[in-house]
Amino acid sequence: MTDQTITPLRRNLARDILDLLRERGAEPGERLSRPALAEALGVSRTPVNGAIALLEELGAVRSEGRSVRLRTLDLDPEALPAGEEETGVARLLVAIARGRADGTVADEVSERQLAQQFGTGRGVVAQALAQLAEAGVVSRNRGHGWRFTAGFASAEERAASYRFRLLIEPAALLEPGFSLPAGFATQMRREHQRFLDRPWRDDDAVGFFRINAEFHAGLAEASGNRFIAAAVVQQNRLRTLANYSWRLGPERVAVSVREHLAILDTLQAGDRERAALQMRLHLADALALRRP
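Residue numbers (the numbering used here): 14 to 305.
Here you go:
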């Protein structure tokens, strides 16, 4: 298996499998069930098979016909590398986001322009644009090129977005139908903890925003109020580029992660009033850091 075939899904699932086995107290020599792993992680068997293949290459498991046997859990998560192409895409997304912020990336662009401007291959540019399109940030022009369709036009707009979120996100936690879905808190803790356990790199801003957006959207969805859920999804779309161009350093990442984890702890303790207050303080602090 080459670095180029280590996709984000495969790498993240491999990490999730190791985390799950540690949580369950699995021992070397134990037989693992692919279907059971797929069910526990909420995915199909095909991506689990890919993750198992990666873990086998790294010496964590051994395939024995159709079954899998655990060899060791003493594998540093950082031994599960990002593929070279994936890393290049993340770096380009950060560069594009910063270019949008400083005005060096126009409203309309072509793959060729971006490749020349950032000195990267057309394949990496195509993947970056595809990710931005999936996030609702760009759309393909009818004739030629791409157009940015979401983002903040000014610092004032971004501040207004935070004020709007202050109105709806704490309230989401107090909705009468609020209920955390099974496994959500465990998954969020696992994903967030990774950003406390490893050194920060600028291109980590892409992955950090992904879990940040999933956290806020997940809690809004848990409210049972589809209008709140839709509003938070829209806000995530608007703030994608602003978060990709993260300029607050690793210290603020750690603060944000710990605040998210504290909100989850409070929700699981059943104190939604306090969790709503924590959410309000979390968003208010973020707004204070970004006031125009």
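Beta carbons: idealized from backbone N, C-alpha and C, even for Gly.
Item, Value
"Is the CB-CB distance between A51 and R44 below 8 angstroms?", "no"
"For F191, which residues from the same chain have a beta carbon less than 8 angstroms from its beta carbon, with the 5 sequence-adjacent residues on both sides left out?", "A185, A235, S236, G237 and R285"
"Does the distance from the C-beta atom of L300 to that of A172 stay below 8 angstroms?", "yes"
"List the whole-angstrom C-beta distance separating E124 from R135, where the pair is believed to meet the contact cut-off of C-beta under 8 angstroms.", "6 angstroms"
"Under 8 angstroms between the Cβ atoms of F255 and G149?", "Going by the sequence as given, residue 255 is Ala instead of Phe. No, they are not a contact pair."
"Would you call P48 buried or exposed, if buried means 16 or more other Cβ atoms sit within 10 Å of its Cβ?", "exposed"
"Opposite E77 in the DSSP bridges: which residues?", "S80"
"What beta strand (DSSP E) runs, 3 residues minimum, are completely inside the segment 124 to 167?", "151 to 153 and 159 to 161"
"Could you pull out every residue in the same chain whose Cβ sits closer than 8 angstroms to the Cβ of M14, ignoring the five residues on either side in sequence?", "Since pLDDT at M14 reaches only 48, below the 50 mark, its modelled position is unreliable, and the value read off the structure follows with that caveat. For M14, where only same-chain residues beyond five positions count, the Cβ hits under 8 angstroms are A66, L67 and E70."
"Taking S269 as part of the alpha helix (DSSP H), name the residues at either end of that continuous run.", "G262 to Q281"
"For the alpha helix (DSSP H) holding A230, just list the boundary residues, first then last.", "D217 to A235"
"Helix or strand or just coil, what does DSSP make of E121?", "strand"
"For A103, which of H295, V137 and E227 has the nearest alpha-carbon?", "V137"
"Taking the alpha-carbon of L302 as reference, which of G116, W259 and W213 has the nearest alpha-carbon?", "W259"
"Take G112 and list the residues in its own chain whose beta-carbon comes closer than 7 angstroms to its own, dropping the five residues that flank it on each side.", "V118"
"How many angstroms separate the CA atom of L280 from the CA atom of A195?", "13 angstroms"
"Pull up the distance between the alpha-carbon of L34 and that of L86, whole angstroms please.", "8 angstroms"
"Pull the bridge partners of R28 from the DSSP assignment, please.", "None, per the DSSP bridge assignment."
"For N249, is the classification buried or exposed, using 16 other Cβ atoms within 10 angstroms of its Cβ as the cut-off for buried?", "buried"
"Is the separation between the beta-carbon of L26 and that of V61 shorter than 8 angstroms?", "yes"
"Which residues bound the alpha helix (DSSP H) around G63?", "R58 to E70"
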